[in-house]
Amino acid sequence: MQRRELIRLASALAVAGTLPRWAWSNPVRGRDLFPLGVASGAPSPDGFVLWTRLLDGPVPGSVPFGAPRTALPPAVTVGWEVAEDEGFRRIVRQGQATALAQLGHAVHVEVAGLAPDRWYFYRFLHGDAATPAARTRTAPAADALPRRLRFAFASCQRWEQGHYAAYRHMQHEELDAVLFLGDYIYEYAMPRTPPATPLVRTHTLPLAAALQDFRDRYALYRSDPHLQAMHRACPWIVTWDDHEVQNDYAGLGGLGAAEAFLQRRNAGYQAFYENMPLRATALRHGLAGLGTHDALRVHERYGWGRLLDFHVLDTRQYRDRQACRTPGSPAEGAVSAARCPELRDPARTLLGADQERWLAQGLAADAAGGVRWSVLAQQTLFSPRNARAGAQHRVGSDAWDGYPAGRQRVLDALQAAQPRNAVFIGGDIHQNYVCRVMADFADAASPVLASEFCGTSISSASQVPLERAQQIVAANPHVLLARPDRRGYAVAEVTPQRWHTALRVVDDVAREDSGVSTLARFVVEDGVPGPQPA
């Protein structure tokens with residue numbers, strides 16, 4: 001679909017209203033068209049986005065290749081309701097929305113005009129089918145100072161490498177929101193030879209490259225009952241990483257021929273929008289510098305009164321190619337600092353110049369507006385893992401270690417803005433890390449500017465031995481914890497006086513009924529940068 005048409009359709013369909021009768025489709029009766037569940041997201045003081053996607057027939061990937069698939073009509077009318085009670089006796093908003101084939105039969109409804117800091121229930125209806133009641137909420141008013149915010153952050157949920165027991169336990173954490181930091185899907189086909197990491201479950205999907213491939217991949221992942229239940233529990237704030245398109249892609253470049261990669265990237269971006277509770281404005285306001293190619297804005301700010309601002313970043317779309325990577329070829333996992341002078345290029349960026357400025361402006365606004373906690377929510381580990389190594393050391397080329405000048409500009413922005421409290425959260429590396437963020441990581445006496453919590457994966461395996469992680473802790477005083485051996489999620493409970501993080505890990509990712517425990521707890525006191533063991 002042409003970008004202009006995509007924007008027009010998405011913007012028109014997101015308006016929360018009642019369609020005229022001539023726009024209604026005939027109902028498809030006797031079938032449940034909601035096997036992928038529902039979701040909500042992008043909470044604001046007066047509303048949120050409601051999402052569902054219609055599917056008729058078996059979930060792709062869960063059946064053999066060639067299984068018949070029922071085609072839905074090009075346009076299907078779906079009813080929606082928002083109520084103050086789970087029984088929908090006190091309905092406060094309702095209407096119809098259109099699910100179009102051009103947008104994967106996805107529905108995005110942007111609800112507004114609601115009371116701030118309130119829980120609501122919602123559901124979708126079509127024919128004789130209705131979704132189970134789901135719960136979502138509005139954010140507090142911009143000038144309020146809430147007593148508490150409790151949210152989870154998670155990332156990296158490769159289907160075949162584990163069950164989603166983490167989400168089964170997350171449902172009982174009494175959360176206000178979930179922050180998902182990327183790798184919601186993985187683009188890979190099943191391996192042809194037995195992998196080093198044993199597979200827990202399988203699928204039949206090919207390597208995702210075209211739009212329908214990505215749509216099918218989201219349908220498979222969203223068919224998981226524990227993931228669906230967690231989406232029903234509270235609103236989600238989402239961003240992406242590389243596997244929503246292609247492993248280790250960077251900006252406009254990836255594996256293979258440039259034009260073929262851009263077509264794949266555009267397909268991945270459209271599928272991400274179709275399958276996430278994003279506002280239509282995400283399609284209209286990408287940053288400059290991407291030429292005529294489709295762009296989707298996922299970097300955004302979400303406020304929680306004066307308690308907290310989420311600065312949700314995008315470290316994929318606007319980055320420079322990894323240092324010393326040949327265009328069209330895979331990125332090296334690590335490069336030599338001595339043999340790759342490109343690493344030290346002061347112009348290299350992970351966020352892009354425009355997003356760097358946007359972040360710096362947001363941090364300054366937090367400081368001026370009296371926001372207690374400024375959260376830099378991004379994809380990966382921000383702090384270095386070789387802060388004081390010699391010139392011959394190797395650094396990971398795909399994360400912040402591969403973009404030291406860009407990292408320093410973020411540190412400079414923090415020092416210039418001086419927000420009251422800054423906390424980095426990340427994912428991607430399939431490991432739990434807790435760090436003090438220093439003004440100069442090479443100097444142990446440098447002041448601490450912020451705290452960092454990088455969470456492990458929901459299910460994706462880590463290839464890092466525990467012994468190697470322990471060596472990193474021993475060699476880097478700013479690293480307080482590094483554990484690659486457990487899967488799970490993190491829960492942050494934030495008050496005006498204190499930030500508390502619990503690193504929650506499942507006992508066995510291969511078991512759907514796995515138990516859960518707390519690996520470690522850390523606190524950050526208001527006005528005292530740096531985490532401390534709880």
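For the sequence shown, the UniProt record's numbering assigns the number 1 to the initial residue and increments by one for each residue that follows. Ideal Cβ positions, reconstructed from N, Cα and C, are used throughout, including at glycine.
Query raised in the report: What is the DSSP secondary structure of S383, counted as helix, strand or coil?
Result: coil
Query - Rounded C-alpha distance that separates A42 from D366 - result: 19 Å
**Report entry** Pairwise C-alpha distance: Q378 and C324
**Finding:** 24 Å
Query raised in the report: CB-CB under 6 Å to V107, same chain, minus the five flanking residues each way: which ones, in chain order?
Result: T52, V78, A97, A99
Requested in this report: Could you check which residue in D443, G17, V28 has the C-alpha nearest to that of G113?
Outcome: G17
Query raised in the report: When DSSP builds the beta bridges, which residues end up paired with C340?
Result: In DSSP, C340 forms no bridge with anything.
Requested in this report: Flag this pair as touching only if the region 228-243 and the region 126-140 have three or more C-beta atom pairs under 8 Å; answer yes or no.
Outcome: yes
Query - Helix, strand or coil at M276 according to DSSP, with G and I counted as helix - result: In the three-state reduction of the DSSP assignment, M276 falls in the coil class.
Query raised in the report: Given T131, which residues of its chain have a CB within under 6 Å of its CB, disregarding the five upstream and five downstream residues?
Result: F34, V38, R123, F124
Query raised in the report: If G61 and L207 are in contact, beta carbons under 8 Å, what's the gap, nearest whole angstrom?
Result: In this structure G61 is not in contact with L207, their Cβ atoms being roughly 12 Å apart against a cut-off of 8 Å.
Requested in this report: Might you give, ordered along the chain, the residues of its own chain that have their beta carbon closer than 6 Å to the beta carbon of R521, omitting 5 neighbours on each side?
Outcome: A502, A534
Report task. Go to M230, then tell me how far its alpha helix (DSSP H) extends in each direction, as first and last residue. Result -> 225-233
Query raised in the report: What residues in its chain sit with their C-beta under 6 Å from that of residue 547, if we drop five residues either side in the sequence?
Result: Lying outside 1 to 534, the shown extent of the chain, residue 547 is not represented and no answer is given.
Requested in this report: Using the Cα positions of A250 and P341, report the straight-line distance between them to the nearest angstrom.
Outcome: 19 Å
**Report entry** Own chain residues within Cβ distance below 8 Å of F88, not counting five before or after
**Finding:** Excluding sequence neighbours, F88 sits near E81, F121, R123, A133.
**Report entry** Coil, strand or helix - H169 by DSSP
**Finding:** helix
**Report entry** Proximity of G101 and P58 at Cβ, strictly below 8 Å
**Finding:** Inspection of the sequence shows that residue 101 is occupied by Ala rather than by Gly. No, they are not a contact pair.
Query raised in the report: In or out: W119 buried (at least 16 other Cβ within 10 Å) or exposed?
Result: exposed
Requested in this report: Can you tell me which of L343, E356, V509 puts its alpha carbon nearest to the alpha carbon of H393?
Outcome: L343
Query raised in the report: Is the region 437-455 touching the region 267-280, taking contact as three or more C-beta pairs under 8 Å?
Result: no
Query - Rounded C-alpha distance that separates I91 from P140 - result: 21 Å
Query - Simplified DSSP assignment, three categories, for V298 - result: coil
**Report entry** Reference A444; option with closest CA among S460, V479, V523
**Finding:** V479
Query - Where Y269 sits in the DSSP three-state scheme - result: helix
Requested in this report: Leaving aside the five residues before and after L227 along the sequence, list all residues of the same chain whose C-beta is less than 6 Å from its C-beta, in chain order.
Outcome: Setting aside the 5 residues that flank it on each side, L227 is surrounded in the same chain by Y164, Y167, each with a C-beta closer than 6 Å to its C-beta; the list follows chain order.
Query raised in the report: So, N432 versus R372, is the Cβ gap smaller than 8 Å?
Result: The criterion of a C-beta distance shorter than 8 Å is not satisfied by N432 and R372.
Query raised in the report: A282 to R4, Cα distance in whole Å?
Result: 13 Å
Query raised in the report: In the DSSP assignment, what residue or residues form a beta bridge with Y433?
Result: C454, A482
Query raised in the report: Between I472, V494, A492, which lies nearest to P484 when the distance is taken from Cα to Cα?
Result: I472
Query raised in the report: Anyone know if the C-beta pair for L308 and V375 falls short of 8 Å?
Result: With respect to the 8 Å criterion, L308 and V375 are classified as neighbours on the basis of their beta carbons.
Query raised in the report: Going along the chain, which residues of its own chain have a beta-carbon closer than 7 Å to the beta-carbon of S223, five neighbours each way excluded?
Result: P35, L36, V59, S62
Query - Same chain, Cβ closer than 7 Å to D508, neighbours up to 5 away in sequence not counted - result: Cβ within range, chain order: S514.
Query - Limits of the beta strand (DSSP E) - the one that A365 falls within - result: Not the beta strand (DSSP E): A365 falls in the alpha helix (DSSP H), residues 353-369.
Query raised in the report: Taking one C-beta from the region 254-261 and one from the region 189-202 each time, how about it: are there three or more such pairs within less than 8 Å?
Result: no
Query raised in the report: From what residue to what residue does the beta strand (DSSP E) around R215 run?
Result: Per DSSP, R215 is not a residue of any beta strand (DSSP E); the alpha helix (DSSP H) it occupies stretches across 211-222.
Query raised in the report: So what does DSSP say about L13, is it helix, strand or coil?
Result: helix
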